[in-house]
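Novice:
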Amino acid sequence: MTIWWLYLILGLLGAVGTAFVWLIIKINGQGVAPKKNAPGTIEEAADQDVEHIFNEEFREELRNRGRLHFEKIIGENAMFLQQDLRLTTSQLNEYMKTEITSKLKEEFAKYEESIMDAKQLAIESIQKTNAAIDEQRAILGDQVKGEILAEKQQLVARFEENMTDIVNHYVLAAIGNQIDLNDQLEYILADLEANKKAMIEDISSGA
Amino acid sequence: MAPNDTLVAYSLPLSVVSPVDLGRLIRELEALDNDLNQAVISFPDNEPKMPITSRLLDEAIAVNKIVPQLAEDRKQLIAYLWGMKAKAPVLHISFSADPSPLFTQKLLVWLRQEVNKDVLVTIGLQPSIGAGCIVRTNNKFFDLSLRKDMLSKRGLLLSEISEARA
Numbered sequence: 368m369t370i371w372w373l374y375l376i377l378g379l380l381g382a383v384g385t386a387f388v389w390l391i392i393k394i395n396g397q398g399v400a401p402k403k404n405a406p407g408t409i410e411e412a413a414d415q416d417v418e419h420i421f422n423e424e425f426r427e428e429l430r431n432r433g434r435l436h437f438e439k440i441i442g443e444n445a446m447f448l449q450q451d452l453r454l455t456t457s458q459l460n461e462y463m464k465t466e467i468t469s470k471l472k473e474e475f476a477k478y479e480e481s482i483m484d485a486k487q488l489a490i491e492s493i494q495k496t497n498a499a500i501d502e503q504r505a506i507l508g509d510q511v512k513g514e515i516l517a518e519k520q521q522l523v524a525r526f527e528e529n530m531t532d533i534v535n536h537y538v539l540a541a542i543g544n545q546i547d548l549n550d551q552l553e554y555i556l557a558d559l560e561a562n563k564k565a566m567i568e569d570i571s572s573g574a
Numbered sequence: 017m018a019p020n021d022t023l024v025a026y027s028l029p030l031s032v033v034s035p036v037d038l039g040r041l042i043r044e045l046e047a048l049d050n051d052l053n054q055a056v057i058s059f060p061d062n063e064p065k066m067p068i069t070s071r072l073l074d075e076a077i078a079v080n081k082i083v084p085q086l087a088e089d090r091k092q093l094i095a096y097l098w099g100m101k102a103k104a105p106v107l108h109i110s111f112s113a114d115p116s117p118l119f120t121q122k123l124l125v126w127l128r129q130e131v132n133k134d135v136l137v138t139i140g141l142q143p144s145i146g147a148g149c150i151v152r153t154n155n156k157f158f159d160l161s162l163r164k165d166m167l168s169k170r171g172l173l174l175s176e177i178s179e180a181r182a
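These protein sequence lines map, in sequence, to chains A and B.
Under our numbering, residues 368 to 574 are what the first sequence spells out, in order.
Under our numbering, residues 17 to 182 are what the second sequence spells out, in order.
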């Protein structure tokens, strides 16, 4: 029994499907037919009217008007753009001037600061150098003083030694010619007496 | 004539100061000897006449008390002088000026009395010594000059100058 029912339902479904396919094919066949523009249709008449109303002269007039309007708009926009550009340029100039001035001031301040630092460093360096030079000068002065003193003492000592030679030479030159040999005889004989023994020994040796 | 080793106790006169004087005396004495010998040979009967001699030879003859006409005395004196020429000690003494003969004689007297009786002296001149003398024997040198004395007292002079400067 059941299987019979099943066969029935399946037959019904097949019949419904076949009817649906047929319907679709039928509908599609009716939609394609109106697309064909055959002469003498309403659309063709509308196109002809449009061509009649919007002919070539009217289109040229419209183009001229559009061109003038476009040029006018372009000119106005150019004027506005020029004004904006001038304004922008002036503002930009002011901005640049302000910025450059501030930058320059800032840079000059830094430059001045660095110069001041360099100056301070140079001054400190010069002060240190001066201090070192003073110290070296003091040391050198002490050394020179010591050497001069030593040299002076040496010169004085040498002078005194030479002075003895000078005095001796002077005395010998001054007295030598003034003392008569006869006056020296006693002195000479006394010296000979003092060295008599050595002379006798040397003569006695006979060498 | 060669020197004779057998010397008689003669002495040198004070006028013979240096070896030069001694050589001059020897030459004169030898010449006298030759002259007298020739005179004896030429005139054997006559006594030879003495020629005029120098003061040096006269003094030598007087000091040594010889008879110059006797050949033996002359021979012995010549031998003595030759011996002195060979062996007499010689002192070289330099002074600052030329000494006078009297000074030289006094000095020689002292030397022959105190040092050696036959000593001979050669005199030199060194003006730079100022005063005093410089004596040089065969082996030694004695600077007895004022220059040496002053140099030895240089320290004293130096100290005196330093004190004066202070």
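We treat Cβ as the ideally placed atom computed from N, Cα and C, and that holds for glycine.
Go ahead and pull the three-state DSSP assignment for B:VAL56.
Specialist: In this structure, B:VAL56 counts as helix in the three-state DSSP scheme.
Novice: Give me the Cβ distance between B:VAL131 and A:ILE570, rounded to the nearest whole Å; I'm assuming they're in contact under 8 Å.
Specialist: Yes, they are in contact, since the Cβ atoms of B:VAL131 and A:ILE570 sit about 7 Å apart, within 8 Å.
Novice: Mind listing which residues of the stretch 469-497 of chain A have their C-beta closer than 9 Å to chain B's C-betas, in chain order?
Specialist: Of all residues in the stretch 469-497 of chain A, none has a Cβ within less than 9 Å of some Cβ in chain B.
Novice: Classify A:ALA400 as buried or exposed, calling it buried when 16 or more other Cβ atoms lie within 10 Å of its own Cβ.
Specialist: Caution is warranted here: a pLDDT of 49 is assigned to A:ALA400, below 50, making its placement in the model unreliable, and the coordinate value is therefore given only provisionally. The residue in question, A:ALA400, is exposed, as its Cβ has fewer than 16 Cβ neighbours within 10 Å.
Novice: Within its chain, find whatever has a CB closer than 7 Å to the CB of B:LEU162; leave out the 5 residues flanking it on each side and keep chain order.
Specialist: So the qualifying residues of the chain are ILE145, GLY146, ALA147, GLY148.
Novice: Quick one: complete beta strand (DSSP E) runs, 3+ long, within the stretch 511-548 of chain A?
Specialist: Runs of the beta strand (DSSP E) inside the stretch 511-548 of chain A: none found.
Novice: Strictly below 8 Å CB to CB, what residues from chain B border A:GLN520?
Specialist: Those within 8 Å of A:GLN520 in chain B number zero; the least Cβ separation is about 12 Å.
Novice: Select from B:PHE119, B:ILE109, B:ILE57 the residue whose C-alpha is nearest the C-alpha of B:GLN142.
Specialist: Ranking B:PHE119, B:ILE109, B:ILE57 by Cα distance to B:GLN142 puts B:ILE109 first.
Novice: Kindly indicate the opening and closing residues of the beta strand (DSSP E) around B:ASP159.
Specialist: Residues 157-161.
Novice: For A:LYS402 and A:THR385, what's the separation of their Cα atoms in angstroms?
Specialist: Residue placement at A:LYS402 is poorly supported in this model, since its pLDDT is 49, which falls under 50; the coordinates are not used for a value here.
Novice: How would you call A:ASN535, buried or exposed, if buried means at least 16 neighbouring beta carbons within 10 angstroms?
Specialist: A:ASN535 is buried by the Cβ-count criterion.
Novice: When DSSP builds the beta bridges, which residues end up paired with B:HIS108?
Specialist: Paired residues: B:THR138, B:ARG152.
Novice: Shorter than 8 Å from the beta carbon of B:LYS156 to some beta carbon of chain A?
Specialist: Yes, because at least one Cβ of chain A sits closer than 8 Å to the Cβ of B:LYS156.
Novice: Using the three-state DSSP reduction, which class does B:LEU86 fall into: helix, strand or coil?
Specialist: Correct three-state label for B:LEU86: coil.
Novice: So, for B:GLU75: in the same chain, excluding its five sequence neighbours on each side, which residues have a beta-carbon less than 7 Å away from its beta-carbon?
Specialist: Cβ within range, chain order: PRO29, SER31.
Novice: Taking DSSP as the reference, what is the three-state secondary structure of B:SER144?
Specialist: DSSP places B:SER144 in helix when its eight states are reduced to three.
Novice: Report yes or no: is there a C-beta of chain B within less than 8 Å of the C-beta of A:ALA565?
Specialist: A:ALA565 counts as touching chain B.
Novice: So if I threshold CB-CB distances at 7 Å, which residues from the stretch 157-177 of chain B count as touching chain A?
Specialist: Result list: PHE158, LEU160, LEU162, ARG163, MET166, LEU167, ARG170, LEU173, LEU174, ILE177.
Novice: Closer than 8 Å by beta-carbon distance: list the chain A residues that pair up with B:TRP98, in chain order.
Specialist: None at all; the shortest Cβ gap to chain A is about 18 Å.
Novice: Looking only at C-alpha atoms, which of B:PHE59, B:VAL125, B:TRP98 sits nearest to B:LEU45?
Specialist: Comparing Cα positions, the closest option is B:TRP98.
Novice: Taking the straight line between their C-alpha atoms, what separation do you get for B:ASN50 and B:LYS103?
Specialist: Approximately 25 Å, taken between the alpha carbons.
Novice: Can you confirm whether A:ASP501, when its beta carbon is compared against all beta carbons of chain B, has any partner nearer than 8 Å?
Specialist: Not closer than 8 Å to any Cβ of chain B, the Cβ of A:ASP501 fails to qualify, so no.
Novice: What's the gap between the Cα of B:GLY140 and the Cα of B:ASP114?
Specialist: One C-alpha to the other measures close to 8 Å.
Novice: Taking A:GLN545 as the reference, which of B:SER112, B:ASN53, B:GLU88 has the closest Cα?
Specialist: Selected option, being the one with the closest Cα: B:SER112.
Novice: Output, in chain order, the set of chain B residues within a Cβ distance shorter than 8 Å of A:ILE542.
Specialist: Residues of chain B passing the Cβ test: GLY146, ALA147, LEU162.
Novice: Got a sec? Which residues, its chain only, sit under 6 Å from B:LEU52 by beta carbon, not counting five neighbours each side?
Specialist: PRO64, listed in sequence order.
Novice: Taking one C-beta from the stretch 165-174 of chain B and one from the stretch 521-539 of chain A each time, how about it: are there three or more such pairs within less than 8 Å?
Specialist: The answer is yes - the stretch 521-539 of chain A touches the stretch 165-174 of chain B, with three or more Cβ pairs under 8 Å.
Novice: Give the straight-line distance between the Cα atoms of A:GLU480 and A:GLU473, rounded to the nearest whole angstrom.
Specialist: Their Cα atoms are separated by approximately 10 Å.
Novice: For A:GLU423, does the count of other Cβ atoms within 10 angstroms reach 16, so buried, or fall short, so exposed?
Specialist: Flag for A:GLU423 reads exposed.
Novice: Under the rule that 16 or more other beta-carbon atoms within 10 Å means buried, what is B:PHE158, buried or exposed?
Specialist: Buried.
Novice: Helix, strand or coil for A:PHE421, going by three-state DSSP, please let me know.
Specialist: If DSSP states are grouped into helix, strand and coil, A:PHE421 belongs with coil.
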